[in-house]
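Heads up: the structure comes next, in structure tokens.
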Amino acid sequence: MMMEKLALRSRILLAGAAMSALLLAGAPAGAVTPADTLVEGFAIDDIISMDPGEAFELSTAEVTGNTYDLLVRLDLSDTSKVKPDLAESWTVSDDGLTYTFKLKPGLKFASGNPITAADVAWSFERAVKLDKSPAFIIDQFGISGDNVTEKAKAVDDTTFQFTVDKAYAPSFVLNCLSATVASIVDAKLVKEHVAAVTPSADYKWDNDFGNAWLKTGYAGSGAYKLREWRANEAVVMERNDNYYGEKAKLARVIYRNMKESSAQRLALEAGDIDVARNLEPNDLDAIAKNADLTTTSAPKGTVYYISLNQKNPNLAKPEVRQAFKYLVDYDALSTTILKGIGEIHQTFLPKGVLGELDENPFKLDVAKAKELLAKAGLPDGFSVTMDVRTGQPTTGMAESIQQTLGQAGIKLEIIPGDGKQTLTKYRARNHDIYIGNWGQDYFDPNSNAQTFASNPDNSDAGKSHTLAWRNSWDIPDLTKETEAALLEKDSGKRADMYKDLEKKILDTSPFVIIHQQLEVAGLRKNLKGFALGPSFDTNFVGPVSKE
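Residue numbers (the UniProt record's numbering): 1 to 547.
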């Protein structure tokens, strides 16, 4: 026991020393990061937990994607598909209800413990019973705390079975299993840190499934292992030599919490960091002019939109909904506020998702908009409000839209607020117009289709609070089409169903979808293999090396 304590203390001291050396304020200009360490400037203040059964924040997803393995993972060469991760192969029963996964042989966690199907089953059980924010991704298959041990079970050491309640499209099920909530945890290790809990009406289990420990602990098998997380300061990951795949090229990765774009740019120019992750257009331009630096970007699964509450009688007119789509200066936005950080995209499925429709039919056309307003009986326009979360790019977008709406006689009052204020009002359906963004919960078309094109109960008491519901858009036919797409097993036919939904949303909806987020990064030119993925949990750092 004493030797174990000494070894643990040594590891902590080494990690702390490595991080402290890179977190010193006022490092000299021209400093360079260690040859075996990647240092990224990144706004990581959203992290609240490192438990993959609880965490649902973007920064945590990136850490989890690099430190935990899954049964299957998104195929970056074709993001409409998944590829094996810990699973060697899988089959689907004839009735479409049971998925059987065979694990690769000889797998180990970073701790050295073997990875078995029992670990997989317990990982699913703990995620469902904890019932934290991301649990719905598994729950939606008819899984609950009461039945999860029967629905997600180990057949033997290398065989795991997952049973769903309907014959869903296999692509839907597999895409959901590529989400971080389905990360496989080291059951033996976590169980050593389980805390007792007194059951209550809200939580009927007698333990926390290691949640308190995993908030800052680690029990994975990914290319890197989590060494330390200091809230609002840094995350340190170290290479996992037990990783089953190609070993990470660098010994260590450090994310330094840096929120300001200008601070990141200056640190990158000085060599204090290798990568800057939250750059705004002006700083991107400066980096592009620096011979020692370069930039990279990738579209992310987040779309920005404005929505029109159908409780407002003027906004409920079909012609008014259509007019708004001609009163956004998409071209001007793309060359100013969104330059380098957004790409004009007017359909609800982001690029790279199965069924994505790459059509942008709308452009600024004030004359067309005026014709539509006159047809709606509003030739002189009307007054309306827009709730806007303070900050870029939403504030700049709102001001641009205010100006173009005015050209057609629509007087827009911008109501600024913080995220909590604007979202609370929006979720209560008390807005006129809302501007914001929507990101996928998992890499499947249903994640966005279900919220933009489905509203099972439009009453104020409705329990399914989709974006269609928030905007009081009653769409029984589109809701049925969205549900049907979940059951189409043929991927090609399923893709066509989503394309049809997207066309209908373009034509009739109260949503004006403007652009898809581009994630950008500035980096030192001596980095090799750095790439941004289509989602934050696919920003893999294992392949990165330094010259």
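Using N, Cα and C, we set each Cβ at its ideal position, and we do this for glycine too. On a predicted model such as this, the values are computed, not experimentally measured, just so you know.
The beta carbons of Y243 and G222 sit about 7 Å from each other, so the pair counts as a contact at 8 Å. By the C-beta density criterion, S178 is buried, having at least 16 other C-beta atoms within 10 angstroms. Shown here for K317: same chain residues with a beta carbon closer than 7 Å to its own, the five before and five after excluded, namely A376 in chain order. The segment 94 to 104 makes no contact with the segment 185 to 197: fewer than 3 CB pairs, one atom from each, lie closer than 8 Å.
Around the C-beta of E547, fewer than 16 other C-beta atoms lie within 10 Å, and the residue is accordingly described as exposed. Residue environment: D441 is assigned as buried (16 or more neighbouring CB atoms within 10 Å of its CB, all protein chains considered). Restricted to the segment 292 to 325, the beta strand (DSSP E) segments that are unbroken, complete and at least 3 residues in length are 293 to 308, listed in chain order.
The alpha-carbon of F348 is positioned some 7 Å away from that of E502. The beta-carbon distance between K132 and E54, rounded to whole angstroms, is 4 Å. This is short enough to meet the 8 Å contact definition. Per the Cβ contact rule, the segment 140 to 148 is not in contact with the segment 72 to 85 (fewer than 3 Cβ pairs under 8 Å).
In the DSSP assignment, Y426 falls outside any beta strand (DSSP E) and lies within the alpha helix (DSSP H) extending over G419 to R427. Assigned with DSSP and collapsed to three states, A55 falls in coil, not helix or strand. Between the alpha carbons of E125 and T149 lies a gap of roughly 6 Å. For T37, DSSP records a beta bridge to R252. For I137, the enclosing alpha helix (DSSP H) stretches over residues F136 to D139. For I254, the closest alpha carbon among the candidates K499, T482, K504 and A35 is that of A35.
Three or more beta-carbon pairs drawn from the segment 412 to 424 and the segment 380 to 390 are found closer than 8 Å, and the two stretches are therefore classed as touching. DSSP, reduced to helix, strand and coil, places Q440 outside both helices and strands of the structure shown, so it counts as coil. Taking 7 Å as the cut-off, the Cβ atoms of V520 and I273 do not count as close. The C-beta of L354 has 16 or more other C-beta atoms within 10 Å across all chains shown, which makes the residue buried.
Here P134 is buried: its Cβ has 16 or more other Cβ atoms, across all protein chains shown, within 10 Å.
According to the DSSP assignment, T91 belongs to no alpha helix (DSSP H) but to the beta strand (DSSP E) extending over A87 to V92.
Taking the Cα of I410 as reference, the smallest distance to any Cα among P379, Y434 and K420 is reached at P379. The secondary-structure analysis by DSSP pairs R470 with nothing; it has no beta-bridge partner.
In the DSSP assignment, E399 falls within the unbroken alpha helix (DSSP H) covering T394 to G406.
V148: member of the alpha helix (DSSP H) spanning V148 to K151, first to last residue. Within the same chain, no residue comes within 6 Å of D358 by CB-CB distance, once the 5 residues on both sides are set aside. With a minimum length of 4 residues, the unbroken runs of alpha helix (DSSP H) contained wholly in the segment 148 to 195 fall at 148 to 151, 170 to 176 and 187 to 191. Looking at the backbone, the Cα of L189 and that of S111 are separated by about 8 Å. Here DSSP, grouped into helix, strand and coil, assigns K499 to helix. Assignment of F101 by DSSP, reduced to helix, strand and coil, places it in the strand class.
By the C-beta criterion, the segment 283 to 300 is judged not to be in contact with the segment 444 to 461, since fewer than 3 inter-stretch pairs fall below 8 Å.
With fewer than 16 other CB atoms across the displayed protein chains lying within 10 angstroms of its CB, T91 is exposed. Counting along the chain, F511 sits inside the beta strand (DSSP E) bounded by residues F511 to R524. F443 is a Cβ neighbour of S535, given a cutoff of 7 Å. The Cβ-Cβ distance between K225 and N211 does not fall below 7 Å.
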